[in-house]
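Q:
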Amino acid sequence: TRRNTSPRRYAKGKAVLTDRYDNRLCTTSTAARDAYVEGCDLILSQWDGGVAAFDRALAADPDFPLAHAGRARALQLASDMAGARAAIATAKAYPDVPERDASHVEVFNLMLNSPSDALAHVRRHIARWPTDALVAATGTNIAGLIGISGRVNRERDQLDFLAALAPHYGNDWWFNGHYGMALSELGFRDQARPLIERSLADRSRNTGAAHAWAHYLYEVNDTTAAVAFIRSWIAETELPRGATLYGHLHWHLALVLLEQGNIEEGLRLFDTAFGADDYRAPLFAKMLDAPAFLWRAELAG
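For the sequence shown, my numbering begins at 0 and goes up steadily by one.
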């Protein structure tokens, strides 16, 4: 683990640059800031390339704790747990960082090393710094800390979590996609649709919003539109295999194909995408999606 051997003091007022949400950053390098913002947006859009973006940020400013934390999160999403833990240990080694930065780093430290304690810390952090989107994102999707908690009424809890954040995000593309998804999941589809559509329009390479729209079409039983949308969106955006939801979006496509009676195409997608040997997204998604499709295929005869 790399440790800071000549620590800078992150005194109050040291940060002169901000992220896309106007949170102050402890770097004076515009190149580091720009690469950091890019890395955050790649994680928020659940796209590929986050590790490389944070590497560029650290090349410009090696002593940038939040870039180490962002890199840890990107490595975690790529299922490189050893690399993620090493990166977060480096982030935690810096002394005298501002309170928000220290709390931000601790979120991802807990996710990697004590996940049962992470959600409570996320809630405390977001209550003070609601526009810290990378932290908020850990509780705002169906595979996030709330979604996988197993708690009764977790869908309502997630919607309430997002509703409290809504005044702080306006028409932000990342927020709209996840807020729309949460509304759709609980049947508020008239409210959900314009948010999801706006999110996709504002950032097309945005798998969170694409996933939300795939859900919406499935839930309104428009399988024809669902097949057309998922196929065209994957092709038009050139969805990379390393994107967080690459396998899961192909699983959604396989489900609607199965509903249409096209088991052969569904099984092909199983072999090449969500059940593939070279699965590159978080492995827990493969562990859920692959047997879930096979079970449905068996139920379908």
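Cβ atoms here follow ideal geometry from the backbone N, Cα and C, with glycine treated the same way.
So is Ala30 buried or exposed if we call it buried at 16+ other beta carbons inside 10 Å?
A: Position 31 of the sequence shown, counting from 1, holds the residue named residue 30. Classification of Ala30: exposed, given that the 10 Å Cβ count is below 16.
Q: Who are the Cβ neighbours of Gly38 in its own chain at under 7 Å, not counting the five residues just before and after it?
A: Walking along the sequence shown from the start, residue 38 turns up at place 39. The residues are Gly49, Ala52, Phe53, Ala56, Gly69 and Ala73.
Q: Is it the case that the stretch 190-197 contacts the stretch 229-240, given that we only count it when at least three CB pairs across the two stretches are under 8 Å?
A: Contact fails: fewer than three Cβ-Cβ distances are below 8 Å.
Q: What distance in whole Å lies between the Cβ atoms of Trp250 and Thr288, which are believed to be in contact at a cut-off of 8 Å?
A: Counted from its first residue, the sequence shown places residue 288 at position 289. Counted from its first residue, the sequence shown places residue 250 at position 251. Checking the displayed sequence, the identity of residue 288 turns out to be Asp instead of Thr. Correct: roughly 4 Å between the Cβ atoms.
Q: Within its chain, find whatever has a CB closer than 8 Å to the CB of Asp21; leave out the 5 residues flanking it on each side and keep chain order.
A: The count along the sequence shown starts at 1 and reaches residue 21 at position 22. The answer, listed in chain order, is Thr130.
Q: Can you pull the DSSP bridge partners for Leu16?
A: To locate residue 16, count along the sequence shown from 1; it is residue 17. Bridge partners of Leu16: Leu24.
Q: To the nearest angstrom, how far is it from the Cα of Lys11 to the Cα of Ile145?
A: Taking the first residue of the sequence shown as 1, we reach residue 11 at position 12. Taking the first residue of the sequence shown as 1, we reach residue 145 at position 146. Confidence at Lys11 is low in this model, with a pLDDT of 47, below 50, so its placement is unreliable and the value that follows should be read with caution. Between Lys11 and Ile145, the C-alpha separation is close to 33 Å.
Q: Within this structure, are the beta carbons of Gly246 and Ala209 separated by less than 9 Å?
A: For the purposes of this step, residue 246 is taken as the residue at position 247 of the sequence shown. For the purposes of this step, residue 209 is taken as the residue at position 210 of the sequence shown. No, the Cβ-Cβ distance between Gly246 and Ala209 is not below 9 Å.
Q: Where does Glu237 fall in DSSP's three states?
A: Start at 1 with the first residue of the sequence shown, and residue 237 comes out as number 238. In the structure shown, Glu237 sits in coil (DSSP, three-state: anything other than H, G, I, E or B).
Q: What did DSSP end up calling Asp219 once you bin it into helix, strand or coil?
A: In the sequence shown, residue 219 corresponds to position 220, counting from 1. Note on identity: in this sequence residue 219 is Val, with Asp being the wrong assignment. Coil, per DSSP.
Q: Spatial neighbours of His67 within its chain, please: C-beta separation below 6 Å, excluding the five flanking residues on both sides.
A: Numbered from 1 along the sequence shown, position 68 holds the residue referred to as residue 67. Within the same chain, His67 has close Cβ partners Ala86, Thr89 and Ala90.
Q: Alpha carbon to alpha carbon, how far is Asp60 from Arg2? Give it in angstroms, no decimals.
A: Here residue 2 refers to the residue found at position 3 when the sequence shown is read from its first residue. Here residue 60 refers to the residue found at position 61 when the sequence shown is read from its first residue. The predicted position of Arg2 is uncertain, since its pLDDT is 41 and thus under 50; a value taken from the coordinates is nonetheless stated next. Those two C-alpha atoms are separated by around 14 Å.
Q: Taking the beta carbon of Phe228 as the centre, do at least 16 other beta carbons fall within 10 Å, making it buried, or is it exposed?
A: Looking up residue 228 in the sequence shown gives position 229. Its Cβ being crowded by 16 or more others within 10 Å, Phe228 is buried.
Q: Can you tell me whether Gly179 is buried or exposed, with buried defined as 16 or more other CB within 10 angstroms of its CB?
A: On the sequence shown, residue 179 is found 180 positions in, with the first residue counted as 1. That one is buried.
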